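All you need for the working numbering is the position in the sequence shown, starting with 1, plus 5. C-beta atoms are modelled at their ideal positions from N, C-alpha and C, and glycine is treated no differently. Keep in mind it's a predicted model, so treat the numbers as computed, not measured. The next block holds one structure in the form of structure tokens; read it before the comments.
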Amino acid sequence: MEENSISITVSKVIEYLYCPRTIFFLDVLGIPKNETEDFKVKTGKEIHEKKLEQNKGYLRKNIKVIKKESDISLSSKKNFFHGKLDELLFLEDGTIVPLDYKFSEYTGKVYDTYKYQLAMYSMMIEENYNVESRKGYIVFTRSNNTLKEIEYNEEDFSKVRFFVNEILEIINKGIYPLDVENKNKCKDCCYRKFCNVD
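Next comes the structure, spelled out in structure tokens:
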């Protein structure tokens, strides 16, 4: 990765995976997203705070948790990103893994955005705690708190580094991303009126 002084958030990578142009509109042109009116975002934040409060002393014995920390801020100096993790789980086998709550239903599929989000947390865990972290957990709050394990590897970590590098290129050089992979997302995008997607 090139020399850089910016540290981006984990959620910025999620935005990039949704559509790279959101990074251009938000970080290059400075056009804010109006998330305060978004019901799902607002409700998700409320549930997230409630879950953290409710589950303060709860250890998930079924996945061999011996200790946990909640609402943890982490960063990676060498990879230029940071984020706030819902739960940091210390397992019996000596590994440390991330857990994240999602205000969504489990449909039988775990999206790549979830995998890369957890992979980023694991990269920060490895850098800060000097212990291997190659899996994480998602709790789907709208499916009776269904818990799903997600595994990843060095190839996934490399993809994360690629995404971060692309985001930094967009921000640092003011590059307008030409490709829009999934145009079905455009109809719900708050930047639709600025974007020239066919």
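Alpha carbon to alpha carbon, what distance is there between residue 92 and residue 143? Translated into positions along the sequence shown, residue 143 becomes position 138. Translated into positions along the sequence shown, residue 92 becomes position 87. The C-alpha of residue 143 lies about 10 Å from the C-alpha of residue 92.
Neighbourhood of residue 39 by C-beta, 7 Å cutoff - its chain only, sequence neighbours within 5 removed: As a working mapping, residue 39 is identified with position 34 in the sequence shown. In its chain, beyond the 5 residues on either side, 195 have a beta carbon closer than 7 Å to the beta carbon of residue 39.
Distance, Cα to Cα, residue 95 vs residue 29? Numbered from its first residue, the sequence shown carries residue 95 at position 90. Numbered from its first residue, the sequence shown carries residue 29 at position 24. Going from the Cα of residue 95 to the Cα of residue 29 covers about 38 Å.
Per-residue DSSP class, three states only, for residue 95: As a position in the sequence shown, residue 95 is number 90, starting the count at 1. In the structure shown, residue 95 sits in a strand (DSSP, three-state: E or B).
Using a Cβ-Cβ cutoff of less than 8 Å, which residues in the same chain neighbour residue 154 once the five nearest sequence positions on both sides are dropped? Translated into positions along the sequence shown, residue 154 becomes position 149. 68, 140, 141, 142.
Can you tell me whether DSSP reads residue 146 as helix, strand or coil? What you label residue 146 is simply residue 141 of the sequence shown in a count that begins at 1. Residue state, collapsed to three classes: coil.
Hey, out of 24, 82, 170, 173, whose CA is closest to residue 211's CA? As displayed, the chain neither begins before 6 nor continues past 203, which places residue 211 out of reach and without an answer.
Near residue 137, which residues of its chain fall below 8 Å by C-beta distance, leaving aside the five closest residues on each side in sequence? Your numbering for residue 137 matches position 132 in the sequence shown. Hits under 8 Å: 100, 131.
Residue nearest to residue 181 in terms of C-alpha spacing, selected from 105, 199, 162: Locating residue 181 in the sequence shown gives position 176, counting from the first residue. Comparing Cα positions, the closest option is 199.
Residue of 135, 124, 120, 176 minimising C-alpha distance to residue 10: By one-based count along the sequence shown, residue 10 stands at place 5. If we check each option's Cα against that of residue 10, 176 comes out closest.
Which one of 183, 135, 122 has the shortest CA to CA distance from residue 166? Reading the sequence shown from its first residue, position 161 is the one you call residue 166. The residue with the shortest Cα to Cα distance from residue 166 is 122.
At what residues does the beta strand (DSSP E) containing residue 175 begin and finish? Along the sequence shown, one-based indexing puts residue 175 at 170. From DSSP, residue 175 is part of no beta strand (DSSP E) but of the alpha helix (DSSP H) over 159-178.
Would you tell me roughly how many angstroms separate the C-alpha atoms of residue 97 and residue 20, rounded to the nearest one? Locating residue 97 in the sequence shown gives position 92, where the first residue counts as 1. Locating residue 20 in the sequence shown gives position 15, where the first residue counts as 1. Computed Cα separation, rounded: 34 Å.
Run the CB neighbour count on residue 127, radius 10 Å, all protein chains shown included, and call it buried at 16 or more, exposed below. Stepping through the sequence shown from its first residue, residue 127 is reached at position 122. It counts as buried.
In whole angstroms, what separates the C-alpha of residue 105 from that of residue 90? For the purposes of this step, residue 105 is identified with residue 100 of the sequence shown, where counting begins at 1. For the purposes of this step, residue 90 is identified with residue 85 of the sequence shown, where counting begins at 1. Across the structure, residue 105 and residue 90 are spaced so that their CA atoms are roughly 7 Å apart.
Under the rule that 16 or more other beta-carbon atoms within 10 Å means buried, what is residue 173, buried or exposed? The residue given as residue 173 occupies position 168 in the sequence shown. It is buried - the Cβ of residue 173 has at least 16 other Cβ atoms within 10 Å.
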